[in-house]
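Novice: This is the structure, below, for whatever I ask next.
Numbering (our numbering), first residue to last: 1 to 381.
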């Protein structure tokens, strides 16, 4: 197909422009930085950034970059290096909840580096790093007290020098050495060198925020699910009610159409009898013969409109019902007109033989609204 033919053919479309799921060509040509900036500028993008920042903060304060020693010290007061013979559970019971952390490293380890590794994990405590060297301990103390680099520098220095006094005599009994360390710590507390108090191991603030955010997400999500389900249920009930009302209107239209069809059939029989004598009939007779074809024409138009299988809205159904009711009222009026009609004198033997009482009853219509009798000529007596 050539270019002009393709332009004239309305069914042919350009797949490059109208294929489902394809991006807008202008957006596809945008650089990646512009698309990222547009995404981050949207409310959803800002929410994603906030969640990422909170998660990063929680991971950082939770010690994601900590080494094995710092991770152990975050939840324990004693760290025992592999290969060192010490009952860690018993050592934990000896130290208790004091603001004291003891690191027992392997022989030859860098004690200063060990203290630096736990500076953030053991903040606010007195840290003693031990390593056995032949018949004595190699020690390094670091008091990670508040203000240790300013006003409390002297107290921190005294604590670092005092905390390891007297432990060299218990090289073969490390638990006894820990008891000596705890005694030294208690003396520092009594002297006011180290602030009194217990060490509390608790999650960092971002972890609390993450937990609160998770709880809020569950609550808000549950509320949204409930609200969405409630709204969906109401919408389903409304749709069901509308469908039932629509079905009721269709049923009412079918019933009204059936009644109108029966009325037209009855009037057609009257019309077949009354049309030959229309010239000699009275005004009602002529009015019936004149108006009946118009009713049939309108009824035919209605049948063309009410086609089976065609979907209609409620407005159309209400309009059709009103048209059917209007035609039904016209049919009733024509039926009354036909009953009131009577032929003039001299119009035929059958018409002359009809008793006067029946003609007067037909004119009045009282008590004989659904009756039209034809009486044969009676033999004279």
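All residues carry an ideal CB built from backbone N, CA and C; glycine is no exception.
By the three-class DSSP mapping on this structure, what secondary structure does residue 118 have?
Specialist: Looking at residue 118 - three-state DSSP - the assignment turns out to be coil, as it is neither helix nor strand.
Novice: Could you give the distance in angstroms between the alpha-carbon of residue 226 and the alpha-carbon of residue 71?
Specialist: Taking the straight line joining both Cα atoms gives about 42 Å.
Novice: Residue 200 to residue 95, Cα distance in whole Å?
Specialist: Whole-angstrom Cα-Cα distance: 13 Å.
Novice: Closest to residue 86 by CA distance: which of 231, 313, 175, 272 is it?
Specialist: Here the closest residue by C-alpha is 175.
Novice: I'd like the list of long-range same chain contacts for residue 256, defined as Cβ closer than 8 Å, with 5 residues on each side in sequence excluded.
Specialist: Correct list, in chain order: 321, 324, 325, 328.
Novice: Are residue 130 and residue 104 close, meaning C-beta to C-beta below 7 Å?
Specialist: The answer is yes: Cβ separation under 7 Å.
Novice: Taking 7 Å as the threshold (C-beta atoms), are residue 91 and residue 390 in contact?
Specialist: No statement about residue 390 is possible, as the shown extent of the chain runs from 1 to 381 and does not include it.
Novice: Apart from the five residues on each side of it in sequence, which residues of its chain come closer than 8 Å, Cβ to Cβ, to residue 266?
Specialist: Contacts found: 335.
Novice: Apart from the five residues just before and just after residue 170, which ones in its own chain have a Cβ nearer than 6 Å to its Cβ?
Specialist: Around residue 170: 176, 177.
Novice: Comparing C-alpha positions only, which one of 60, 93, 84, 82 sits nearest to residue 76?
Specialist: When only C-alpha atoms are compared, the closest one is 93.
Novice: Among 82, 119, 68, which has the Cα closest to the Cα of residue 100?
Specialist: Measuring from the Cα of residue 100, the nearest candidate turns out to be 119.
Novice: Between which two residues does the beta strand (DSSP E) carrying residue 139 extend?
Specialist: Element bounds for residue 139: 136–143.
Novice: Let's see if you can read the secondary structure: which residues bound the alpha helix (DSSP H) around residue 30?
Specialist: That residue, residue 30, is in no alpha helix (DSSP H); it is neither H nor E in DSSP.
Novice: Out of 48, 304, 98, 296, which has the shortest C-alpha to C-alpha gap to residue 195?
Specialist: Among 48, 304, 98, 296, the Cα nearest to that of residue 195 belongs to 98.
Novice: Whole angstroms are fine: how far does the CA of residue 242 sit from the CA of residue 268?
Specialist: The straight-line gap from Cα to Cα measures roughly 38 Å.
Novice: Applying the 10 Å Cβ sphere with the 16-neighbour rule, what's the burial state of residue 386?
Specialist: With the chain running from 1 to 381 in the structure shown, residue 386 is simply not present.
Novice: Applying the 10 Å Cβ sphere with the 16-neighbour rule, what's the burial state of residue 161?
Specialist: By the 10 Å Cβ count, residue 161 comes out exposed.
Novice: Using three-state DSSP, classify residue 297 as helix, strand or coil.
Specialist: Note: residue 297 maps to helix in three-state DSSP.
Novice: Report the partner residues of residue 221 according to the DSSP bridge assignment.
Specialist: Per DSSP, none; premise fails for residue 221.
Novice: Compute the Euclidean distance between the alpha carbons of residue 270 and residue 230, then round it to the nearest angstrom.
Specialist: Between residue 270 and residue 230, the C-alpha separation is close to 60 Å.
Novice: Taking the Cβ atom as the reference point for each residue, do residue 193 and residue 155 lie within a distance shorter than 7 Å?
Specialist: Against a cut-off of 7 Å, the Cβ pair of residue 155 and residue 193 comes out as a contact.
Novice: With distances taken Cα to Cα, identify the nearest neighbour of residue 283 among 264, 337, 66.
Specialist: It is 337 whose Cα lies nearest to the Cα of residue 283.
Novice: Using the Cα positions of residue 41 and residue 52, report the straight-line distance between them to the nearest angstrom.
Specialist: Whole-angstrom Cα-Cα distance: 15 Å.
Novice: I need the boundaries of the beta strand (DSSP E) containing residue 325, first residue and last residue.
Specialist: It is not in any beta strand (DSSP E) - residue 325 instead sits in the alpha helix (DSSP H) that spans 314–340.
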